[in-house]
Amino acid sequence: MRRFDGDKLVIATHNAGKLVEIAELLEPFGVSVISAGELGLEEPEETEDTFAGNARIKAHFAAKASGLPALSDDSGIAVDALDGAPGVYTADWAETPTGRDFPMAMKKVWDLLEDKNAPEPRTAAF
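Each residue of the sequence shown is one higher than the last, beginning at 819 in our numbering.
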(Lines of atoms letter the chains of each structure in order from A and count residues from 1; the text may use other names and numbers.)
(Lines give C-alpha, C1' and ligand atoms only; values in the text may rest on other atoms or scores of the structure.)
Protein backbone atom coordinates (compact mmCIF):
# COMPACT_ATOMS: atom_id res chain seq x y z
CA MET A 1 0.00 0.00 0.00
CA ARG A 2 1.28 3.45 -0.88
CA ARG A 3 1.32 6.36 1.53
CA PHE A 4 -0.96 9.32 0.74
CA ASP A 5 1.10 12.50 0.66
CA GLY A 6 -1.09 14.77 -1.44
CA ASP A 7 -3.70 17.33 -0.58
CA LYS A 8 -6.57 16.25 -2.85
CA LEU A 9 -8.61 13.08 -2.64
CA VAL A 10 -11.53 11.70 -4.64
CA ILE A 11 -14.31 10.35 -2.48
CA ALA A 12 -15.90 7.57 -4.51
CA THR A 13 -19.50 8.52 -3.81
CA HIS A 14 -22.49 10.23 -5.36
CA ASN A 15 -23.94 10.86 -1.90
CA ALA A 16 -23.61 14.56 -0.99
CA GLY A 17 -24.17 13.89 2.71
CA LYS A 18 -21.41 11.30 2.83
CA LEU A 19 -19.06 13.72 1.04
CA VAL A 20 -19.70 16.43 3.65
CA GLU A 21 -19.05 14.00 6.53
CA ILE A 22 -15.75 12.80 5.06
CA ALA A 23 -14.66 16.33 4.10
CA GLU A 24 -15.18 17.47 7.70
CA LEU A 25 -13.11 14.55 9.00
CA LEU A 26 -10.23 15.28 6.61
CA GLU A 27 -10.25 19.09 6.90
CA PRO A 28 -7.89 19.20 9.94
CA PHE A 29 -5.30 17.36 7.83
CA GLY A 30 -5.42 19.91 5.00
CA VAL A 31 -6.97 17.45 2.56
CA SER A 32 -9.51 18.75 0.07
CA VAL A 33 -12.01 16.35 -1.42
CA ILE A 34 -14.09 16.05 -4.55
CA SER A 35 -16.72 13.41 -5.14
CA ALA A 36 -16.94 10.95 -7.98
CA GLY A 37 -20.34 12.48 -8.67
CA GLU A 38 -18.88 15.99 -9.00
CA LEU A 39 -16.34 14.61 -11.47
CA GLY A 40 -19.13 13.04 -13.51
CA LEU A 41 -17.84 9.52 -12.90
CA GLU A 42 -20.33 6.71 -13.20
CA GLU A 43 -20.93 4.31 -10.35
CA PRO A 44 -19.17 0.99 -10.94
CA GLU A 45 -21.01 -2.27 -10.56
CA GLU A 46 -20.58 -3.59 -7.02
CA THR A 47 -20.01 -7.31 -7.50
CA GLU A 48 -18.42 -8.33 -4.21
CA ASP A 49 -20.23 -10.02 -1.35
CA THR A 50 -18.58 -7.93 1.37
CA PHE A 51 -18.69 -4.23 2.22
CA ALA A 52 -14.87 -4.05 2.05
CA GLY A 53 -14.85 -5.68 -1.38
CA ASN A 54 -17.38 -3.25 -2.80
CA ALA A 55 -15.56 -0.27 -1.26
CA ARG A 56 -12.37 -1.49 -2.93
CA ILE A 57 -14.14 -1.67 -6.33
CA LYS A 58 -15.41 1.91 -5.98
CA ALA A 59 -12.08 3.33 -4.81
CA HIS A 60 -10.09 1.63 -7.57
CA PHE A 61 -12.59 2.74 -10.21
CA ALA A 62 -12.55 6.38 -9.04
CA ALA A 63 -8.76 6.49 -8.77
CA LYS A 64 -8.26 5.05 -12.24
CA ALA A 65 -10.89 7.31 -13.83
CA SER A 66 -9.71 10.51 -12.11
CA GLY A 67 -5.96 10.00 -11.82
CA LEU A 68 -6.21 10.97 -8.15
CA PRO A 69 -6.03 8.89 -4.99
CA ALA A 70 -9.49 7.76 -3.92
CA LEU A 71 -11.28 6.77 -0.74
CA SER A 72 -14.52 4.84 -0.53
CA ASP A 73 -16.73 3.00 1.87
CA ASP A 74 -19.68 0.70 1.53
CA SER A 75 -22.42 0.17 4.03
CA GLY A 76 -25.84 -1.29 4.53
CA ILE A 77 -28.07 -2.75 7.17
CA ALA A 78 -27.48 -6.34 8.28
CA VAL A 79 -30.47 -7.73 10.16
CA ASP A 80 -29.65 -10.63 12.46
CA ALA A 81 -33.01 -12.40 12.10
CA LEU A 82 -32.61 -12.25 8.30
CA ASP A 83 -29.16 -13.89 8.40
CA GLY A 84 -27.48 -10.56 7.69
CA ALA A 85 -29.76 -9.48 4.84
CA PRO A 86 -30.04 -7.15 3.10
CA GLY A 87 -26.35 -6.46 3.88
CA VAL A 88 -24.36 -5.51 0.78
CA TYR A 89 -27.64 -5.56 -1.16
CA THR A 90 -29.33 -2.82 0.90
CA ALA A 91 -29.25 -0.30 -1.98
CA ASP A 92 -30.51 -2.97 -4.39
CA TRP A 93 -33.52 -3.55 -2.15
CA ALA A 94 -34.27 0.17 -2.46
CA GLU A 95 -34.15 0.33 -6.28
CA THR A 96 -37.27 1.50 -8.09
CA PRO A 97 -37.73 2.60 -11.71
CA THR A 98 -37.42 6.21 -10.53
CA GLY A 99 -34.49 5.88 -8.11
CA ARG A 100 -33.80 4.54 -4.65
CA ASP A 101 -36.56 4.40 -2.06
CA PHE A 102 -35.03 3.45 1.30
CA PRO A 103 -38.29 3.69 3.28
CA MET A 104 -39.70 1.08 0.86
CA ALA A 105 -36.64 -1.12 1.44
CA MET A 106 -37.06 -0.85 5.21
CA LYS A 107 -40.73 -1.80 4.84
CA LYS A 108 -39.57 -4.90 2.97
CA VAL A 109 -37.23 -5.70 5.88
CA TRP A 110 -40.09 -5.18 8.35
CA ASP A 111 -42.45 -7.37 6.31
CA LEU A 112 -39.88 -10.18 6.15
CA LEU A 113 -39.36 -9.96 9.91
CA GLU A 114 -43.11 -10.14 10.45
CA ASP A 115 -43.45 -13.08 8.02
CA LYS A 116 -40.74 -14.95 9.96
CA ASN A 117 -42.31 -14.06 13.29
CA ALA A 118 -38.83 -12.91 14.27
CA PRO A 119 -38.61 -12.56 18.05
CA GLU A 120 -37.93 -9.25 19.70
CA PRO A 121 -35.66 -7.55 20.31
CA ARG A 122 -34.86 -7.44 16.62
CA THR A 123 -31.24 -6.47 16.18
CA ALA A 124 -29.23 -5.20 13.25
CA ALA A 125 -25.96 -3.50 12.45
CA PHE A 126 -25.24 -0.70 10.00
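Note that CB positions come from ideal geometry on N, CA and C, so glycine has one too.
For residue i, the residue or residues it bridges with in DSSP
i    : result
L827 : V851
V906 : For V906, which the question treats as bridged, DSSP gives no partner whatsoever.
A834 : DSSP output for A834 lists no bridge partner at all.
Length of the line joining the Cα atoms of residue i and residue j
i    : j    : result
E856 : E938 : 43 Å
A942 : T908 : 13 Å
K826 : S853 : 11 Å
G917 : A834 : 16 Å
G858 : A880 : 10 Å
L844 : S850 : 7 Å
F944 : D892 : 10 Å
E866 : V906 : 8 Å
Close-in-space but distant-in-sequence residues of the same chain around residue i (CB under 7 Å, 5 per side omitted)
i    : result
A936 : A899
L930 : L900
Cβ shell of residue i (< 6 Å), same chain only, five flanking positions each side left out
i    : result
D919 : A912
Local conformation of residue i per DSSP, three classes
i    : result
G917 : strand
L843 : helix
A936 : coil
Distance cut-off 8 Å: residue i Cβ against heavy atoms of the ligand HEM
i    : result
A883 : Absence of the ligand HEM is noted for the structure shown, with no ligands found whatsoever.
Neighbourhood of residue i by C-beta distance below 8 Å, restricted to the same chain and skipping five residues each side
i    : result
G902 : A896
| Quick one: complete beta strand (DSSP E) runs, 3+ long, within the segment 848–893? | Counting only runs of 3 or more, we get 850–853.
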